[in-house]
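S.K.:
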Amino acid sequence: MEKLIITAALTGNVPTREMTPHVPLTPAEIAADVRRCAEAGASIVHIHARDTGGRPTLDPAVFKATVRLIKREAPDVIIQLSTGARAGRDWEARANPVRLLPEMASFTTGSNNLPGIVYENAPDFLLFLAGVFKETGVKPEIEVFEAGMINNALFLVKKNLLTPPLHFDFVLGAPGAMPATVRNLVFLADTLPPGATWTVAGIGPAEIPLATAAIAMGGHVRVGIEDNLRLPDGAMATNARLVQTAARIARTMGRAIASPAEARQMLSLDPQHKDRILTQID
Ligand code: MG
C-alpha cells in the first residue's frame, strides 16, 4: 500500500485555552508545535491564524508571521493555509491565504450547518475562490462536509477552474454535517473520480477510529486539536501525541509514513512551489 500522509490540524478556529492547555495560538506556539508534529511524522500542516486575543483572524500579517517561523522550525513540511469562514466572511479576506502562495490551501465546496453558524460557501463564492486557486496554482484540499460537495468540486473541474488530480478531505462528525461512520467514509471514497487522493478528519472521539479505517482503506489521515481535544484513552491530547498515535497505528498495520517529499509526489504538488510562499512574506 502507498505510504501514509499525515496532516496535523493544530489550531482551528474553535479550540480555546480554556478548552485545552495544549492548543497552540500564537505564531511562535504554532511553529514550535509544527516542528514536534513534523518530527512525529506529519508531512502536511493545516494552519489557522489567531489574533493577539486568541480569536480567529484572516489577517495576512498573522499568517505571514506564522509561516516565517514554520519555515525556520520545519523547512520541509508542506504548509496548507485555511480559507475557513469563522475568521471572516469577506470574499477577498478568505482568498488572501491562497494569495500568499502556500503549497496548499483548504477549499470547502459547499455550505452546511456547524455549531452556531451556517458555514456559507455559496455557488458564486465557489466560482470566485476556484478562480483564485487557478490563477495562483495553489493546490486545494477540497474539504467535504456533505456528499454533494464532491459533485460541486467536479463541476469546478468542468468549468476549467480546478485541475485534476483533486485531493479531498472528508470532515466527518461535525455537529450539523455528515456523521462520522465508516459506512459514510467508504461511500465518500467510492464516490471520488479515478486518480483522486483523499484524507479523513474525524471530529472528536471519531478522529482516531476513522483514521484507522482510512489507513486500512489506503486513504490518508488528518489529526490534531482543531478536530479533537483528546487521546483515545480520554487524556487531553497534544498535537504531537495525536500524530504519534496515527503513525503508530499505521506502522502496526504495516503502512509506512510518507515524508514531505514523498507526499509532494503523491499529491502531484509542483516541486517548484515548495518555497514560493517565501517570496510573499518578506
Ligand atoms: Mg480548518
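In the numbering used here, the protein residues as written are 26 to 307. Yeah, the Cβ is synthetic: ideal placement off N, Cα and C, and Gly gets one too. Quantities reported herein were computed from a predicted structural model and do not represent experimental measurements.
Between which two residues does the alpha helix (DSSP H) harbouring Lys28 extend?
M.R.: Against the sequence shown, residue 28 aligns to sequence position 3. Counting along the chain, Lys28 falls outside any alpha helix (DSSP H), and DSSP gives it neither H nor E.
S.K.: Rounded to a whole number of angstroms, what is the C-alpha to C-alpha distance between Thr222 and His192?
M.R.: Position 197 of the sequence shown, counted from the first residue, corresponds to residue 222. Position 167 of the sequence shown, counted from the first residue, corresponds to residue 192. If you take the alpha carbons of Thr222 and His192, they lie about 5 Å apart.
S.K.: Grab me the residues of Asn137's own chain with a C-beta within less than 7 Å of its C-beta, minus the 5 sequence neighbours each way, in chain order.
M.R.: In the sequence shown, residue 137 corresponds to position 112, counting from 1. Cβ neighbours of Asn137 beyond the five flanking positions: Tyr144, Phe170, Glu171, Gly201, Ala202.
S.K.: Gly156 lies in the alpha helix (DSSP H); which residues open and close that run?
M.R.: Here residue 156 refers to the residue found at position 131 when the sequence shown is read from its first residue. Residues 148 to 161.
S.K.: Do the CB positions of Leu125 and Ile306 come within less than 8 Å of each other?
M.R.: Taking the sequence shown and counting its residues from 1, the one referred to as residue 125 is at position 100. Taking the sequence shown and counting its residues from 1, the one referred to as residue 306 is at position 281. Taking 8 Å as the Cβ cut-off, Leu125 and Ile306 qualify as a contacting pair.
S.K.: How about Val246 and Thr270: are their beta carbons less than 8 Å apart?
M.R.: Working through the sequence shown from its first residue, we reach residue 246 at position 221. Working through the sequence shown from its first residue, we reach residue 270 at position 245. Not in contact: Val246 and Thr270 (Cβ atoms no closer than 8 Å).
S.K.: Measure the C-alpha to C-alpha separation of Ala56 and Ala236 and round it to an integer number of angstroms.
M.R.: Here residue 56 refers to the residue found at position 31 when the sequence shown is read from its first residue. Here residue 236 refers to the residue found at position 211 when the sequence shown is read from its first residue. Using only the alpha carbons, I get a separation of about 24 Å.
S.K.: Return no unless some Cβ of chain C is closer than 8 Å to the Cβ of Ala265.
M.R.: Looking at the structure shown, chain C is missing, and only one protein chain is on hand.
S.K.: Along the chain, where does the alpha helix (DSSP H) that runs through Leu267 open and close?
M.R.: For the purposes of this step, residue 267 is taken as residue 242 along the sequence shown, with counting starting at 1. That run of the alpha helix (DSSP H) goes 264 to 277.
S.K.: What whole-angstrom Cβ distance do Pro127 and Ile95 have, given they're in contact under 8 Å?
M.R.: The sequence position of residue 127 within the sequence shown is 102, counting from 1. The sequence position of residue 95 within the sequence shown is 70, counting from 1. Between Ile95 and Pro127 the Cβ distance is about 10 Å, and since that is not below 8 Å, they are no contact.
S.K.: May I have a chain-ordered list of the alpha helix (DSSP H) segments no shorter than 4 residues that lie completely inside the region 60 to 118?
M.R.: 85 to 98
S.K.: Does DSSP put Ile282 in a helix, a strand or coil?
M.R.: Along the sequence shown, one-based indexing puts residue 282 at 257. Note: Ile282 maps to strand in three-state DSSP.
S.K.: Distance check for Phe153 and Ala67, CA to CA, integer angstroms please.
M.R.: Indexing the sequence shown from 1 puts residue 67 at position 42. Indexing the sequence shown from 1 puts residue 153 at position 128. If I take the Cα positions, the gap works out to 31 Å.
S.K.: By alpha-carbon positions, which one of Ile250, Pro218, Thr216 ends up nearest to Ser232?
M.R.: On the sequence shown, position 207 is the one that residue 232 refers to. A small fix is needed here, since residue 232 is Glu in this sequence, not Ser. Minimum Cα distance to Glu232 is reached at Ile250.
S.K.: Please look up how many angstroms separate the CB atoms of Val182 and Ala130, rounded, as I've assumed it's under 8 Å.
M.R.: Within the sequence shown, the letter at position 157 stands for residue 182. Within the sequence shown, the letter at position 105 stands for residue 130. That pair is no contact at about 17 Å.
S.K.: Between which two residues does the alpha helix (DSSP H) holding Ile142 run?
M.R.: As a first step, residue 142 is located in the sequence shown; it is residue number 117 there, counting from the start. Element bounds for Ile142: not the alpha helix (DSSP H) but the beta strand (DSSP E), 142 to 144.
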